[in-house]
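> Below are the structure tokens for one structure; questions will follow.
In our numbering, the protein residues as written are 1 to 60.
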């Protein structure tokens with residue numbers, strides 16, 4: 001348990017350092033992520049339509 005606590009403390013201090021620098025780039029990455037999520041969702045819908053068309057073609 002002791003070494004786990006030490007690791008947690010170390011990661012926490014690292015996270016705080018990262019957080020200060022990350023806060024600036026966070027908004028950029030966040031908006032990028034939103035864009036990619038939208039794109040992925042669009043592609044998923046497209047794939048579903050493609051699969052649906054294929055199955056209906058096979059059924060004739």
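All C-beta atoms, glycine included, are put in the ideal place defined by N, C-alpha and C.
At the level of alpha carbons, what is the spacing between residue 51 and residue 33?
Counting from 1 along the chain shown, the entry for residue 51 is found at position 51. Counting from 1 along the chain shown, the entry for residue 33 is found at position 33. Residue 51 and residue 33: Cα-Cα distance of roughly 27 Å.
> Give the straight-line distance between the Cα atoms of residue 29 and residue 14, rounded to the nearest whole angstrom.
Here residue 29 corresponds to residue number 29 of the chain shown, with the count starting at 1. Here residue 14 corresponds to residue number 14 of the chain shown, with the count starting at 1. Roughly 20 Å separates the two Cα atoms.
> Could you compute how far the alpha carbon of residue 35 sits from the alpha carbon of residue 17?
Translated into the one-based positions of the chain shown, residue 35 becomes position 35. Translated into the one-based positions of the chain shown, residue 17 becomes position 17. Using only the alpha carbons, I get a separation of about 27 Å.
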